[in-house]
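Heads up: the structure comes next, in structure tokens.
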């Protein structure tokens with residue numbers, strides 16, 4: 001069900017990569033930025049994508065695999081269209097973060113780093129996101145939702161479900 | 001902007017994140033003032049101010065800057081640490097959102113003082129929104145010629161600097177300065193040995209200084225009001241204002257800018273309006289999850305500065321205060337913290353990689369009601385064997401809270417382990433042959 005997409009950056013994106021490379025004395029430093037771009041464009045970092053990134057930056061494939069697997073925010077498998085990240089670290093835990101995680105997990109029928117069959121949602125139990133003042137919090141894709149509870153999380157999920 | 005010396009970072013000025021508003025309120029004047037001084041005079045001013053690093057180690061900033069070599073033989077770099085991943089810390093994002101230009105101005109002044117060629121602001125990947133806000137501020141500053149090649153025509157100086165944002169991708173360890181540098185260089189974020197220190201061999205083996213976002217953002221205030229005046233604010237040995245991020249069981253959580261040395265009870269009961277549901281306090285973590293906790297009955301009279309907290313066996317850390325009320329299950333909190341460090345250990349050093357896993361497993365066993373009284377000493381022993389035996393401070397950061405909680409809340413742990421326990425593995429009756437592994441296997 002994955003979209004079959006050619007793994008290739010556009011001319012414009014290649015220009016952006018050149019621009020990013022110029023910020024550093026060594027082009028290797030651009031790897032994190034390029035992996036971010038690749039994840040945004042191709043959805044997740046498959047072996048083909050990582051090999052492509054290695055080719056563009058003229059780096060050993062093993063190095064790209066190493067960096068991509070070191071950082072938790074790079075997806076190593078396809079994730080949902082809406083990636084729900086529930087923080088259960090200490091500040092959120094004190095205010096009900098774990099209950100929210102359990103609730104979402106049960107509601108969607110998926111566990112940590114899994115996605116629903118329709119590919120709409122995926123769930124991740126994340127470590128501290130730096131939103132402790134608004135605990136408990138969830139992040140959906142790039143946006144933070146702070147001071148939430150089970151009711152609000154339900155509303156969020158249905159609002160995303162209705163967006164399709 | 002700096003008339004009110006109790007608020008030097010988060011000013012009560014609307015839309016201060018916009019460059020025009022910032023300039024109208026005296027923004028970039030501190031940099032102009034610094035340009036009239038020699039670089040050494042700027043460093044001395046920061047030394048006089050007594051500013052200490054806000055990332056947790058509290059190292060004197062001015063002194064750190066003097067470690068940078070003089071001269072122009074080698075390119076020099078500044079890495080600004082905005083990784084902010086310590087649980088309980090959420091202060092730097094306030095600067096990115098509400099006062100990004102003071103951070104930029106701070107980089108300009110620090111860069112001028114040390115002769116920096118390029119600065120990288122390392123921001124954690126989760127902060128998508130704050131990266132966009134910071135990038136907007138940088139773009140505006142570039143457009144006005146405050147950064148880069150046009151600095152000569154705008155400020156009439158021969159000094160110029162480039163500033164870039166480097167986006168992380170979810171690794172707590174990258175907040176450690178050497179790990180942050182390997183991450184910028186494009187490798188896995190593994191910490192490296194010190195020495196050589198970053199000032200000798202930092203980014204790409206060139207002289208580099210790593211400072212926290214809050215530290216650098218404070219620099220314009222110091223130049224504006226003068227180092228001597230800054231030194232008079234707050235606690236004598238740890239002066240200035242600090243961003244305290246208060247979270248947990250508290251009525252008004254949030255970031256509060258207050259002078260160092262403010263009473264912890266003053267922060268909790270006056271600024272944050274007390275504990276949720278008016279309950280008693282069981283524990284307070286004073287500076288982010290890696291700092292040993294304080295018991296609720298010892299917080300009276302505790303002042304929030306590094307020297308005062310040292311007397312209580314803990315540290316100011318990042319100023320992330322986590323308050324826990326009397327209903328909190330301390331053992332579960334300890335398990336959650338241990339899980340975090342196990343998850344975030346980079347895996348280079350055996351004591352940390354294995355030890356963090358052990359601590360988590362032992363705590364899991366205790367929470368499951370299958371621990372023994374020996375496990376409590378085992379936890380302390382594992383913590384002691386991690387501390388100081390690793391390349392970077394993550395090992396210490398994992399050991400301190402576990403040891404702190406077990407020793408300061410021993411009765412809570414004992415409640416869990418005094419229940420009778422059925423040994424499942426046959427060799428476990430031979431107590432002396434027990435290792436953590438056989439015990440763990442048994443569960």
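Residue numbers (my numbering), protein chains in the order written: chain C, 1 to 164; chain Y, 1 to 443. Heads up, the beta-carbon is just placed ideally off N, CA and C, and yes, glycines get one too.
Check the Cβ of residue 70 of chain C against every Cβ in chain Y and list those closer than 7 Å, keeping chain order. Counted from its first residue, the first chain places residue 70 of chain C at position 70. Those within 7 Å of residue 70 of chain C in chain Y are 171, 188, 189.
Here's the rule I'm using: 16 or more other beta-carbon atoms within 10 Å means buried, otherwise exposed. How should residue 19 of chain C be labelled? Taking the first residue of the first chain as 1, we reach residue 19 of chain C at position 19. Residue 19 of chain C comes out exposed.
Which same chain residues end up closer than 6 Å to residue 190 of chain Y when comparing Cβ atoms and leaving out the 5 residues on each side of it in sequence? Numbered from 1 along the second chain, position 190 holds the residue referred to as residue 190 of chain Y. Cβ neighbours of residue 190 of chain Y beyond the five flanking positions: 182, 346, 348.
Neighbouring residues, chain Y, relative to residue 38 of chain C (Cβ below 9 Å): Along the first chain, one-based indexing puts residue 38 of chain C at 38. Within 9 Å Cβ-Cβ: nothing; residue 38 of chain C doesn't reach chain Y, min ~12 Å.
Name the two residues that bound the continuous alpha helix (DSSP H) containing residue 66 of chain Y. Locating residue 66 of chain Y in the second chain gives position 66, where the first residue counts as 1. 61-66 is the extent of the alpha helix (DSSP H) around residue 66 of chain Y.
Given a threshold of 16 other Cβ atoms within 10 Å of its Cβ, counted over all protein chains shown, does residue 395 of chain Y qualify as buried or as exposed? The residue labelled residue 395 of chain Y in the question sits at position 395 within the second chain. Buried: at least 16 other Cβ atoms inside 10 Å.
CB contact below 8 Å: residue 151 of chain Y versus chain C: For the purposes of this step, residue 151 of chain Y is taken as residue 151 along the second chain, with counting starting at 1. No - not a single Cβ of chain C is within 8 Å of the one on residue 151 of chain Y.
Compare the beta carbon distance of residue 89 of chain Y and residue 318 of chain Y with 8 Å and say whether it is the shorter of the two. Start at 1 with the first residue of the second chain, and residue 89 of chain Y comes out as number 89. Start at 1 with the first residue of the second chain, and residue 318 of chain Y comes out as number 318. Cβ distance < 8 Å, so residue 89 of chain Y and residue 318 of chain Y count as in contact.
Should residue 166 of chain Y and residue 120 of chain Y be called a contact, given that it needs their Cβ atoms to be closer than 8 Å? Position 166 of the second chain, counted from the first residue, corresponds to residue 166 of chain Y. Position 120 of the second chain, counted from the first residue, corresponds to residue 120 of chain Y. Closer than 8 Å, so yes.
Simplified DSSP state of residue 143 of chain C, which is helix, strand or coil: Sequence index remark: in the first chain, residue 143 of chain C carries index 143 (1-based). Residue 143 of chain C: strand per DSSP, three-state reduction.
Please give the ranges of any beta strand (DSSP E) in the region 56-111 of chain C, keeping only runs that are unbroken, at least 3 residues long and fully inside the region. 82-87
Need the endpoints of the beta strand (DSSP E) that residue 245 of chain Y sits in, please. Locating residue 245 of chain Y in the second chain gives position 245, counting from the first residue. Counting along the chain, the beta strand (DSSP E) containing residue 245 of chain Y begins and ends at 241-248.
Taking 8 Å as the CB-CB cut-off, is residue 47 of chain C touching chain Y? In the first chain, the residue the question calls residue 47 of chain C occupies position 47. Closer than 8 Å: no.
Could you tell me whether the Cβ atoms of residue 238 of chain Y and residue 323 of chain Y are closer together than 8 Å? The residue you call residue 238 of chain Y lines up with position 238 of the second chain. The residue you call residue 323 of chain Y lines up with position 323 of the second chain. Against a cut-off of 8 Å, the Cβ pair of residue 323 of chain Y and residue 238 of chain Y comes out as no contact.
Kindly indicate which residue of Y:47, Y:308, Y:46, Y:397 has the alpha-carbon position closest to the one of residue 176 of chain Y. Residue 176 of chain Y sits at position 176 when you count from the first residue of the second chain. The option with the nearest alpha carbon to residue 176 of chain Y is Y:397.
Would residue 118 of chain Y pass as a contact of residue 173 of chain Y if the rule is Cβ separation under 8 Å? Here residue 118 of chain Y refers to the residue found at position 118 of the second chain. Here residue 173 of chain Y refers to the residue found at position 173 of the second chain. In this structure, residue 173 of chain Y does not lie closer than 8 Å to residue 118 of chain Y by Cβ.
From Y:300, Y:302, Y:283, pick the residue whose C-alpha is nearest to that of residue 293 of chain Y; which is it? Numbered from 1 along the second chain, position 293 holds the residue referred to as residue 293 of chain Y. Looking at the Cα atoms, Y:283 is the closest of the given residues.
8 Å Cβ cutoff, residue 86 of chain C in contact with chain Y: Locating residue 86 of chain C in the first chain gives position 86, counting from the first residue. Answer no: the Cβ-Cβ gap between residue 86 of chain C and chain Y never drops below 8 Å.
Three-state secondary structure assigned by DSSP to residue 160 of chain C: For the purposes of this step, residue 160 of chain C is taken as residue 160 along the first chain, with counting starting at 1. Here residue 160 of chain C sits in helix by DSSP.
Determine the DSSP secondary structure at residue 85 of chain Y, reduced to helix, strand or coil. Taking the second chain and counting its residues from 1, one reaches residue 85 of chain Y at position 85. Residue state, collapsed to three classes: coil.
What is the C-beta distance between residue 32 of chain C and residue 186 of chain Y, in whole angstroms, given that I count them as a contact (C-beta under 8 Å)? Within the first chain, numbered from 1, the residue matching residue 32 of chain C stands at position 32. Within the second chain, numbered from 1, the residue matching residue 186 of chain Y stands at position 186. The pair is a contact, with the Cβ atoms about 7 Å apart (cut-off 8 Å).
Helix, strand or coil for residue 196 of chain Y, going by three-state DSSP, please let me know. Within the second chain, the letter at position 196 stands for residue 196 of chain Y. It is coil, neither helix nor strand.
Could you spell out where the beta strand (DSSP E) holding residue 401 of chain Y opens and where it closes? Translated into positions along the second chain, residue 401 of chain Y becomes position 401. Looking at the DSSP string, residue 401 of chain Y is not in any beta strand (DSSP E); the run it does join, the alpha helix (DSSP H), is 394-408.
Taking 8 Å as the threshold (C-beta atoms), are residue 275 of chain Y and residue 81 of chain Y in contact? In the second chain, counting from the first residue as 1, residue 81 of chain Y sits at position 81. In the second chain, counting from the first residue as 1, residue 275 of chain Y sits at position 275. No.
Is residue 60 of chain Y near residue 54 of chain Y, with beta carbons less than 8 Å apart? Here residue 60 of chain Y refers to the residue found at position 60 when the second chain is read from its first residue. Here residue 54 of chain Y refers to the residue found at position 54 when the second chain is read from its first residue. Not a contact, by the Cβ cut-off of 8 Å.
Contact with chain Y by residue 54 of chain C, beta-carbon distance below 8 Å: The residue given as residue 54 of chain C occupies position 54 in the first chain. No - not a single Cβ of chain Y is within 8 Å of the one on residue 54 of chain C.
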